[in-house]
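J.: One structure, pasted below without further comment.
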Amino acid sequence: MKTKLSLSIFLIVLMAIAYFWTPQTSPKVLEVTQEASFYSMKCTVAKFLLSNVDTTQQIAPLFENLGNLHFGISTKDQKAQAYFDQGVKLTYAFNHAEAHRSFMEASRLDPKAAMTYWGQAYALGPNINDPMPDDERRKKSYEAILKAKNLSQNSSPKEKALIEALTHRYSGDLTKEISELNMAYMSAMEKVVEAFPDDAHIQTLYAASIMNTMPWNYWDNDGNPAPNTLKGKTALERAMILNPDHPGAHHYYIHMVELPKPDLAIPSADKLGSLMPAAGHIVHMPSHIYIRVGRYEDAVKVNQAAILADEDYISQCYSQGMYPLGYYPHNLHFLWSAATLLGNSDLAIDAAKKTAEKVPISEMATLPFLQDFASSPLLAYIRFGKWNEILTIPYPGDQYKHLKLIWHYARGIAFVRKNNIKEAKEELEALRLMKNDPELETVVANYTNPSSSIAQIAHGVVSGEIAHAEGNTTEALEFLKQAVYHEDQLIYSEPTAWHIPVRQTLGAILLKAQKYEEAEKVYKEDLEILRQNGWSLMGLHKSLIGQGKIEEAKKIEQEYDEAWKHADISLKTSVL
1 MKTKLSLSIF LIVLMAIAYF WTPQTSPKVL EVTQEASFYS MKCTVAKFLL SNVDTTQQIA
61 PLFENLGNLH FGISTKDQKA QAYFDQGVKL TYAFNHAEAH RSFMEASRLD PKAAMTYWGQ
121 AYALGPNIND PMPDDERRKK SYEAILKAKN LSQNSSPKEK ALIEALTHRY SGDLTKEISE
181 LNMAYMSAME KVVEAFPDDA HIQTLYAASI MNTMPWNYWD NDGNPAPNTL KGKTALERAM
241 ILNPDHPGAH HYYIHMVELP KPDLAIPSAD KLGSLMPAAG HIVHMPSHIY IRVGRYEDAV
301 KVNQAAILAD EDYISQCYSQ GMYPLGYYPH NLHFLWSAAT LLGNSDLAID AAKKTAEKVP
361 ISEMATLPFL QDFASSPLLA YIRFGKWNEI LTIPYPGDQY KHLKLIWHYA RGIAFVRKNN
421 IKEAKEELEA LRLMKNDPEL ETVVANYTNP SSSIAQIAHG VVSGEIAHAE GNTTEALEFL
481 KQAVYHEDQL IYSEPTAWHI PVRQTLGAIL LKAQKYEEAE KVYKEDLEIL RQNGWSLMGL
541 HKSLIGQGKI EEAKKIEQEY DEAWKHADIS LKTSVL
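When we follow UniProt numbering, the leftmost residue of the sequence shown carries the number 1, and every step to the right adds one.
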């Protein structure tokens, strides 16, 4: 599976969008208790506040249940300090717009506190999920860090060092490449961390500066570190030793190691959510590890808790912008994925529907990632064999290319399962035309995976299913092996860019062809990627029975029973 990630196109666009979400009741198939309460003052709109600021009025609320993290600065105003602390916490929680307003309120309360302007500049800048801020943010970042530097005469040596380092991240010349500025900032932060090695915040900020030079490109395809990755990893490990309850360090560490070495971050995953229980993204983050190590029940629970926290925040603050448009539905999307791996169809389908309900239809053509969210019900119906439901969903329209692709794919599978091969071939022809459509290469609906990559897999799977239905097993296996190859080339993302591992489809057809030894190999490969998933455990069990490996099969059957204890469906093979 590819790990090299280019800059995420959809997240570049996200910051320019403002959209209001109406909260709905979160599914509660697994019982979760989560409370996120706020002071009674009216919240500000959760998008970057860059103009028309009334500094005579309170700019931001103080939230509860964000934990006890402290970042002391040179100020005598306790409330300014509280807002600065909150800004830091929200930055670590990737709610940068809300963090920016907290720093603005800290500046309003103590206009001479240099670090409050440092905070404003930092929050407005690029981050691993939003690497290309627009020119207005770049300009405001530069103005804020200049103000911080002008006010830094009475700051502590540590504060002066942080402010000086951040001046390298911004420029009044907006034509300068952000990548060059990121490198300059990283180099400057290396000097800061050398001067102050025993500060957990500085270690975390240094690691973040490294990660920002190569968002999501921390390891190569073989798990080897990119330049500076190990420096960032070491810095985060040092930060967690200095402060075992540092949410930023744990958050970044999960992202740093989730693909090649997820087990390293299990302690961080087990701890992180409790450190900031009202910050939905922080509560959600452990699932990035849990889903990689086979703890699907835990992944479900933390996303249910994250959804409740975010719905509380969004409803009370009338939140707009990137957080409700990207981060909140990501929790729903992740819940769908985790519940699917748990075999809980009711919860998975409910989460998929809710993910789609949050999509502003008017934005889908220009923001293709919303089409990925909108396609979730179709994908859930495929996974759980809801063929009639698939065929009742109307044509989405030519302008929604990714959603149209998934619509044809879902119908192709549904028609095969209903033994309507003529109609299935019509859908396959539509997929062939889309697979060869050069415009799909520019449609990025799933993180950085272009829809052209998804089309290759969809076409291969439907081709294989049709060939098998017509008795052409050899041809079917060849189509599916090619689809496995294309799936393995996808750029890493969670939830995965392809919803049903192709190996599970390939394995099911190998079982029908009585190629049990080959099926065993395929299922074991899938279980290395998605540990202890019940779909492949059942397939593996069947492959072992077919070979007469009875004792081994009994052991796998016990593992399947444990993995499937929350399921509401039973399996006979690895796909329905």
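A virtual CB, placed ideally from N, CA and C, is assigned to each residue, including glycine.
Tell me, which residues are paired with residue 584 by DSSP?
T.: Outside the shown range of the chain, which is 1 to 576, sits residue 584, and nothing can be said about it.
J.: When the distance is taken between beta carbons, is E427 closer than 8 Å to residue 601?
T.: With the chain covering only 1 through 576, there is no way to say anything about residue 601.
J.: Using a Cβ-Cβ cut-off of 7 Å (strictly less than) and excluding sequence neighbours within five positions of G412, which residues of its own chain qualify?
T.: Around G412: A424, E427, L428, L431 and V462.
J.: Looking at the strands, I want to know which residues DSSP matches up with I509.
T.: DSSP output for I509 lists no bridge partner at all.
J.: Less than 8 Å between the C-beta atoms of T573 and G548, yes or no?
T.: Not a contact, by the Cβ cut-off of 8 Å.
J.: When the distance is taken between beta carbons, is A374 closer than 8 Å to L403?
T.: Closer than 8 Å, so yes.
J.: Cα separation between P495 and L181?
T.: Roughly 31 Å separates the two Cα atoms.
J.: Give a yes or no on contact between the segment 370–385 and the segment 344–359, applying the rule of three or more CB pairs nearer than 8 Å.
T.: Yes, the segment 370–385 touches the segment 344–359.
J.: Would you call the segment 501–516 and the segment 383–397 in contact, with 3 or more CB pairs under 8 Å?
T.: The segment 501–516 is not in contact with the segment 383–397.
J.: Grab the span of the alpha helix (DSSP H) containing I550 for me, first residue to last.
T.: Run containing I550: I550 to A563, per the alpha helix (DSSP H) assignment.
J.: Decide if S337 is buried, meaning its Cβ has at least 16 other Cβ atoms within 10 Å, or exposed.
T.: It is buried - the Cβ of S337 has at least 16 other Cβ atoms within 10 Å.
J.: Look at the Cβ atom of V257, then the Cβ atom of H284, and state whether they are nearer than 8 Å.
T.: No. Outside cutoff.
J.: Along the chain, which unbroken stretches of the alpha helix (DSSP H) at least 4 residues long are found entirely within the segment 128–176?
T.: Those alpha helix (DSSP H) runs which fall completely within the segment 128–176 and span 4+ residues are 135–150 and 157–167.
J.: Please report how far the alpha carbon of A306 lies from the alpha carbon of G280, in whole angstroms.
T.: The alpha-carbon atoms of A306 and G280 are separated by roughly 4 Å.
J.: How long is the line joining the alpha carbons of R169 and A99, rounded to whole angstroms?
T.: Their Cα atoms are separated by approximately 18 Å.
J.: Short check: CB of Y206 to CB of A161, under 8 Å?
T.: No, they are not a contact pair.
J.: Whole alpha helix (DSSP H) runs in the segment 255–284 with 4 or more residues, listed along the chain?
T.: List check, alpha helix (DSSP H) in window: 266–275 and 280–284.
J.: Considering only their Cβ atoms, is the gap separating S74 from A113 smaller than 8 Å?
T.: Yes, they are a contact pair.
J.: Is the CB-CB distance between K481 and L506 below 8 Å?
T.: Cβ distance < 8 Å, so K481 and L506 count as in contact.
J.: Taking 7 Å as the limit between beta carbons, can you name the residues of its chain near A508, skipping five residues before and five after?
T.: G539, T573, S574 and V575, listed in sequence order.
J.: With 16 as the cutoff for other CB atoms within 10 Å, does G72 come out buried or exposed?
T.: Exposed, since its Cβ has fewer than 16 Cβ neighbours within 10 Å.
J.: Cutting at 8 Å between CB atoms, please list the residues of its own chain near I254, excluding the five before and the five after it.
T.: Cβ neighbours of I254 beyond the five flanking positions: A265, S268, A269, L272, M285, P286, H288 and I289.
J.: When DSSP labels each residue in this structure, what does P225 get in the three-state scheme?
T.: In the structure shown, P225 sits in a strand (DSSP, three-state: E or B).
J.: In the DSSP assignment, find the unbroken alpha helix (DSSP H) run with E297 in it and report its ends.
T.: First-last of the alpha helix (DSSP H) with E297: Y296 to C317.
J.: Quick one, which of T55, N95, A309 and M189 has its alpha-carbon nearest A278's?
T.: Measuring from the Cα of A278, the nearest candidate turns out to be A309.
J.: Taking M214 as part of the alpha helix (DSSP H), name the residues at either end of that continuous run.
T.: M214 -> no alpha helix (DSSP H), and no H or E assigned at all.
J.: Tell whether a beta-carbon distance below 8 Å holds between L109 and Y83.
T.: Yes, these two residues count as a Cβ contact at 8 Å.
J.: Could you spell out the range, first to last residue, of the alpha helix (DSSP H) harbouring K521?
T.: Start and end: Y516 to I529.
J.: Taking contact to mean at least 3 C-beta pairs separated by less than 8 Å, is the segment 147–158 in contact with the segment 171–179?
T.: No contact exists between the segment 147–158 and the segment 171–179.
J.: Going by the CB atoms, is the gap between N212 and I128 shorter than 8 Å?
T.: The answer is yes: Cβ separation under 8 Å.
J.: Taking G460 and H486 to be in contact with their CB atoms under 8 Å, please state how far apart those CB atoms are, rounded to whole angstroms.
T.: The pair is a contact, with the Cβ atoms about 6 Å apart (cut-off 8 Å).
J.: What are the start and end residues of the alpha helix (DSSP H) that includes R292?
T.: From DSSP, R292 is part of no alpha helix (DSSP H); its letter is neither H nor E.
J.: So G119 and F103 are in contact, right, with Cβ under 8 Å, and what is the actual spacing, rounded?
T.: Right, their Cβ atoms sit about 3 Å apart.
J.: Short of 7 Å in beta carbon distance, which residues of its chain neighbour Y409, apart from the five on each side in sequence? Order them along the chain.
T.: Contacts found: L431, A458 and V462.
J.: Should Q316 and A365 be called a contact, given that it needs their Cβ atoms to be closer than 8 Å?
T.: Not closer than 8 Å, so no.
J.: Check for me: the alpha helix (DSSP H) holding H96 runs from which residue to which?
T.: That run of the alpha helix (DSSP H) goes H96 to L109.
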